[in-house]
Amino acid sequence: MFDNLSDRLGNVFDKLKGRGALTESDVREAMREVRIALLEADVALPVVRRFIDAVTEKAIGSEVLKSVTPGQQVVKIVNDELVEMLGGTGEDAEPRELNLNAKPPVVIMMVGLQGSGKTTTTAKLGKLLKEKHGKKSMMASLDVNRPAAQEQLKVLGEQVDVATLPIVPGQQPVDIARRAMEAAKLQAADVLLLDTAGRLHVDEALMAEMKAISTVSAPTEVLLVVDSLTGQDAVNVAQSFTGEVPLTGVVLTRMDGDARGGAALSMRYVTGKPVKFAGTGEKLDAIEAFDPSRVAGRILG
Ligand code: GDP
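At position 62 of the sequence shown (counting the first as 1) the number is 62 in the UniProt record's numbering, and the numbers step up by one without a gap.
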């Protein structure tokens, strides 16, 4: 086994030393290694294909073929393209900050499957908004499906010292959303975080509920929370939500697990929206701004 892509490609190009310029077929051989690296990192197949096509075109057309260290140059092209497809860095980066430019309370709606880490992420964001942005938040759980879901958010709210909407048993999600908006206004909250219900699988009832909530609450941000360890499943979830609710970004949880981070590339590709945050643990401060460079390095192994 090779440790990383540089080693793999070094091996490919070593065979070609002293042969002068690399041919198109040499680049294609290198791309086979890149493809394996991406598939091992759990990047979805259509995304791998598109990526390989883009990189092949760049590698063939560039000076790399005449270079003395073609392996390193191909690694650089691969890495640069990966960072770009993950949202870019520096001046060319797509905006990944939360958009808080709306009349308060700014509504942030969290959507995703049950167990993806939605409730935990809601509390993490409440804490982050308070500590890093000086914003006062209110959090409301609209999850009437899972027993104790509303109670769970209340407990987390106490831990991070962020207000939660008082629980009224029997109230339906859309009514809770309306009540939450009133309460957030009354308390002069800057931000209202809506933690919606998940399901074990995406179904029509879930989508109808998400649409209704989004209509009454007019969220500025709709964040899809997905578990980075679920690979292809995460892609299916993203496909189901895209187009149904006005997603503005993705949060990838469990990036502290052993995932190589391929889900990030798939999510960015399938939703067309930026990955904004990475969840890095169970603790309520374990959330980080998404960093394409770091994740690119991880995907390439
Ligand atoms: P929900 O059903 O989508 O609301 O999921 P929860 O927020 O209840 O999270 C399910 C489990 O995942 C809980 O035990 C969380 O502590 C855990 N969890 C959430 N985010 C992360 C993360 O980024 N890393 C790790 N290791 N665990 C997480």
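Backbone N, C-alpha and C fix where the C-beta goes; we use that ideal spot for every residue, glycine too.
Backbone CA spacing between residue i and residue j [nearest angstrom]
| i | j | result |
| --- | --- | --- |
| A41 | G301 | 8 angstroms |
| E204 | K76 | 44 angstroms |
| F2 | R8 | For F2, the predicted model reports a pLDDT of 48, less than 50, meaning its position is unreliable; a value from the coordinates is still stated below. In a straight line, the C-alpha of F2 is about 6 angstroms away from that of R8. |
| N99 | P46 | 30 angstroms |
| G157 | M139 | 8 angstroms |
| L165 | Q187 | 11 angstroms |
| M109 | E29 | 45 angstroms |
| V155 | V83 | 38 angstroms |
| V168 | M210 | 20 angstroms |
| A149 | T119 | 8 angstroms |
| P219 | V106 | 7 angstroms |
| V174 | L142 | 8 angstroms |
| F290 | A54 | 23 angstroms |
| A180 | Q172 | 12 angstroms |
| I36 | K283 | 34 angstroms |
| V160 | A123 | 7 angstroms |
| A278 | L38 | 19 angstroms |
Cβ-heavy atom distance, residue i to the ligand GDP, below 7 angstroms
| i | result |
| --- | --- |
| Q114 | yes |
| K118 | yes |
| E182 | no |
| R254 | yes |
| E282 | yes |
| G198 | yes |
| V144 | no |
| T164 | no |
| A208 | no |
| G261 | no |
| G126 | no |
| T230 | no |
| V222 | no |
| A286 | yes |
Integer-rounded CB distance, given that residue j should sit under 8 angstroms from residue i
| i | j | result |
| --- | --- | --- |
| S266 | A234 | 7 angstroms |
| V245 | V202 | With a Cβ gap of about 11 angstroms, V245 and V202 do not count as contacting. |
| D195 | K135 | Incorrect: roughly 17 angstroms between the Cβ atoms, too far for contact. |
| G198 | G115 | 7 angstroms |
| V294 | G117 | The identity of residue 294 in the sequence shown is Arg, whereas the question assumes Val. R294 to G117, Cβ: 20 angstroms. No contact. |
| R260 | I213 | In fact, because the Cβ distance is near 34 angstroms, the residues do not count as touching under 8 angstroms. |
| L247 | T271 | 6 angstroms |
| V275 | G90 | With a Cβ gap of about 17 angstroms, V275 and G90 do not count as contacting. |
| V216 | A177 | 5 angstroms |
Per DSSP, cross-strand counterpart(s) of residue i
| i | result |
| --- | --- |
| I287 | G279 |
| S249 | Here residue 249 is Gly; the residue named in the question, Ser, does not match the sequence. According to DSSP, G249 bridges with L223. |
| D26 | Its beta-bridge partners do not exist; DSSP assigns none. |
| T230 | For T230, which the question treats as bridged, DSSP gives no partner whatsoever. |
| V191 | V106 and S137 |
| T242 | V245 |
Closer than 8 angstroms to chain D by CB, residue i
| i | result |
| --- | --- |
| K132 | The structure shown has no chain D; it contains just one protein chain. |
| beta strand (DSSP E) segments (min. 3 residues) lying fully within the segment 86 to 169 | Runs of the beta strand (DSSP E) inside the segment 86 to 169: 106 to 111 and 137 to 141.
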